[in-house]
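Below is one structure, written out as structure tokens; the observations come after it.
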Ligand SMILES: Cc1cc2nc3c(=O)[nH]c(=O)nc-3n(C[C@H](O)[C@H](O)[C@H](O)COP(=O)(O)OP(=O)(O)OC[C@H]3O[C@@H](n4cnc5c(N)ncnc54)[C@H](O)[C@@H]3O)c2cc1C
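Numbering (our numbering), first residue to last: 29 to 530.
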């Protein structure tokens with residue numbers, strides 16, 4: 029207790045609120061069962077497995093906390109970085125094919141773009157029109173005038189809209205608490221502890237109930253769930269309100285105004301993070317993580333049986349089920365991570381450069397068709413259609429540079445494409461195991477695979493998969509590693525200069 033008090037009041041960024049939160053968190057707190065090595069010199073080497081946004085931000089945070097003398101290796105099996113953040117090239121232009129939108133209140137991602145040289149927010153096509161479509165008719169179409177859109181939405185969804193807005197506002201402001209807790213050096217063993225810190229008991233079981241029951245309990249009508257929540261979940265997670273309530277809240281945030289992306293593609297984030305972390309990029313496929321004499325060992329398919337040794341390891345790739353295969357049994361204290369019989373959901377991003385079927389969609393060109401078509405009918409073979417500009421779009425560029433991205437469970441057949449499009453000049457398909465298939469209760473596993481120093485970022489995806497979630501988990505893993513090594517919490521050196529929200 030003395031230690032907690034000292035942590036809060038000697039280290040400035042911790043407020044009274046945080047102190048109270050820490051006390052309330054005692055049932056989840058990690059400190060008690062953590063092995064603290066209490067070293068006085070830095071570790072020799074740390075490995076990060078996976079060069080996605082989770083792994084590359086982990087390398088960045090590790091450098092920030094451990095300083096320059098530590099050797100950090102980041103293993104990536106593919107020839108490119110950033111995993112599920114990628115682009116596809118059509119007509120010589122690149123378009124986001126994986127994770128594409130970022131919420132304005134995703135502070136880590138925003139901070140990366142503001143502080144890492146060479147990163148910029150992408151320009152957006154401001155003439156966007158959002159619609160809800162049942163397969164035959166539009167049940168809602170936004171206007172270019174924000175006030176008109178707000179009135180139309182209110183007319184359609186009534187009090188339920190206000191209730192959802194209030195829930196989302198509360199959710200986002202509770203979510204922001206994570207940043208100040210992490211900035212104060214706090215780490216979490218699992219998502220329950222993290223969500224409890226966010227807002228107490230109301231969030232401790234948030235992944236165990238459905239979004240349907242959560243929204244209904246808070247007075248949101250069935251009509252609004254069917255016609256607003258389900259379409260948001262179809263586009264963001266390829267599912268409906270049967271997902272867990274946390275994923276439901278994240279998906280609803282994903283249709284709010286102000287969403288942004290990175291110029292040149294979100295994948296640029298990983299390249300800049302790895303460069304700025306001065307980590308050594310090892311382009312090898314990790315096959316096994318083991319442990320011997322207090323050191324973790326890594327074998328790759330390229331290393332011909334010779335293993336590398338590390339003091340600390342962060343696993344930033346979802347292991348198990350239909351995702352990545354790495355044998356971590358020997359290095360884990362408990363059972364190896366698994367998805368508990370669940371799997372990642374297939375989502376196909378079908379790209380079409382062409383013209384939408386004007387009679388089906390009641391429009392004739394990109395300037396008259398809605399730029400976002402979310403679907404309310406769950407029987408449709410497509411989940412959403414969006415008109416997207418290239419990642420290097422400049423305002424003033426010809427709007428005809430855009431392509432349509434259709435999300436579906438399976439690749440579109442030629443007949444299906446001809447049904448949706450009058451003309452298709454060029455097409456491309458990117459097939460993903462995109463995000464977890466949520467079937468609450470979703471109980472994400474532990475972030476700590478071995479208290480001697482083996483941490484895992486991907487469990488957070490079972491609450492909700494999003495770029496910022498992976499970054500938050502990466503920050504947590506770096507904090508766990510630091511606390512394990514030195515036996516004391518890491519508090520950001522920049523904390524006093526950072527923006528107040530951080
Ligand atoms: C179609 C689609 C749309 C999405 N839309 C959004 C969105 O709009 N906004 C949003 O925030 N999120 C979105 N997401 C989710 C987001 O992309 C992910 O949550 C995030 O990218 C996950 O990052 P990660 O680093 O945790 O995992 P990954 O991106 O999966 O990275 C893991 C990395 O580990 C590497 N790896 C795996 N096995 C090994 C091995 N054995 N050895 C070495 N390396 C290995 C992989 O190659 C990969 O690069 C979307 C995802 C998809 C697929």
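For each residue, glycine too, the CB sits at the ideal point set by N, CA and C.
Requested in this report: With a threshold of 16 other CB atoms inside 10 Å of the CB of residue 182, please say whether the residue is buried or exposed.
Outcome: exposed
**Report entry** Cut-off 7 Å between Cβ atoms - residues of its own chain near residue 126, not counting five sequence neighbours on either side
**Finding:** 112, 113, 114 and 460
Query raised in the report: What is the DSSP secondary structure of residue 109, counted as helix, strand or coil?
Result: coil
Report task. Taking residue 136 as part of the alpha helix (DSSP H), name the residues at either end of that continuous run. Result -> 135–143
Query raised in the report: Considering only C-alpha positions, which residue in the set 330, 380 and 476 is nearest to residue 219?
Result: When only C-alpha atoms are compared, the closest one is 476.
Query raised in the report: Does the beta carbon of residue 12 fall short of 6 Å from some heavy atom of ligand 1?
Result: Outside the shown range of the chain (29 to 530) lies residue 12, about which nothing can therefore be said.
Query raised in the report: Nearest to residue 456 by alpha carbon, out of 349, 124, 68 and 412?
Result: 124
Query raised in the report: Does DSSP classify residue 265 as helix, strand or coil?
Result: helix
Query raised in the report: If you draw a straight line from the alpha carbon of residue 203 to that of residue 83, how long is it in whole angstroms?
Result: Near 22 Å, if we compare the C-alpha coordinates of residue 83 and residue 203.
Query raised in the report: Taking the continuous beta strand (DSSP E) assigned at residue 378, which residues delimit it?
Result: Membership of residue 378 in the beta strand (DSSP E) is indicated by the continuous run 372–384.
Requested in this report: Kindly indicate which residue of 448, 450, 496 and 356 has the alpha-carbon position closest to the one of residue 484.
Outcome: 356
**Report entry** For residue 487, the three-state DSSP class (helix, strand or coil)
**Finding:** helix
Query raised in the report: Apart from the five residues on each side of it in sequence, which residues of its chain come closer than 6 Å, Cβ to Cβ, to residue 354?
Result: 314 and 347
Query raised in the report: How long is the line joining the alpha carbons of residue 161 and residue 401, rounded to whole angstroms?
Result: 6 Å
Report task. Quick one: residues in its chain with C-beta nearer than 7 Å to the C-beta of residue 185, no 5 flanking neighbours on either side, listed in chain order? Result -> 252 and 256
Query - Neighbour-count burial assignment, residue 267, 16 or more Cβ in a 10 Å radius - result: buried
Query raised in the report: Looking at residue 127 and ligand 1, is the gap between the Cβ and the nearest heavy atom below 6 Å?
Result: yes
**Report entry** residue 275 (DSSP reduced to helix, strand or coil)
**Finding:** When secondary structure is reduced to three states using DSSP, residue 275 falls in the helix class.
Report task. Return yes when the C-beta of residue 173 is under 6 Å from any heavy atom of ligand 1, and no when it is not. Result -> Relative to ligand 1, the beta carbon of residue 173 is positioned no closer than 6 Å to any heavy atom.
Query raised in the report: How close, in whole Å, do the beta carbons of residue 500 and residue 488 come, if the pair is a contact with beta carbons under 8 Å?
Result: 7 Å
Requested in this report: Kindly examine ligand 1 and report whether one of its heavy atoms sits closer than 6 Å to the Cβ of residue 455.
Outcome: Answer for residue 455: no, Cβ out of range of ligand 1.
Query raised in the report: Helix or strand or just coil, what does DSSP make of residue 514?
Result: In the structure shown, residue 514 sits in a helix (DSSP, three-state: H, G or I).
Query raised in the report: In terms of residue numbering, what span does the alpha helix (DSSP H) encompassing residue 300 cover?
Result: 296–305
Query raised in the report: Any chance the region 90–99 sits against the region 62–82, with 3 or more Cβ pairs inside 8 Å?
Result: yes
Query - Element boundaries [alpha helix (DSSP H), containing residue 175] - result: 174–185
Query - Simplified DSSP assignment, three categories, for residue 191 - result: Looking at residue 191 - three-state DSSP - the assignment turns out to be helix.
Query raised in the report: How long is the line joining the alpha carbons of residue 9 and residue 177, rounded to whole angstroms?
Result: With the chain covering only 29 through 530, there is no way to say anything about residue 9.
Query - Check: residue 288 C-beta below 6 Å from any heavy atom of ligand 1 - result: no
Report task. Check whether the region 227–242 touches the region 271–282, counting contact only when three or more Cβ pairs, one atom from each stretch, lie closer than 8 Å. Result -> yes
**Report entry** Start-end ranges of the alpha helix (DSSP H) lying completely within the region 222–253, minimum 4 residues
**Finding:** 229–232 and 239–245
Query raised in the report: What do you reckon, is the C-beta of residue 104 under 6 Å from a heavy atom of ligand 1?
Result: yes
Query raised in the report: Heavy atom of ligand 1 less than 6 Å from the Cβ of residue 313, yes or no?
Result: yes
Query raised in the report: With respect to 6 Å, is the separation between the Cβ of residue 495 and the closest non-hydrogen atom of ligand 1 below this value?
Result: yes
Query raised in the report: Any heavy atom of ligand 1 within a distance shorter than 6 Å of the CB on residue 375?
Result: At least one heavy atom of ligand 1 is nearer than 6 Å to the Cβ of residue 375, so yes.
Report task. May I ask you to list the residues that DSSP assigns as paired with residue 452? Result -> 382
**Report entry** 7 Å Cβ cutoff, residue 272 in contact with chain D
**Finding:** Among the chains in the structure shown there is no chain D, since it carries only a single protein chain.
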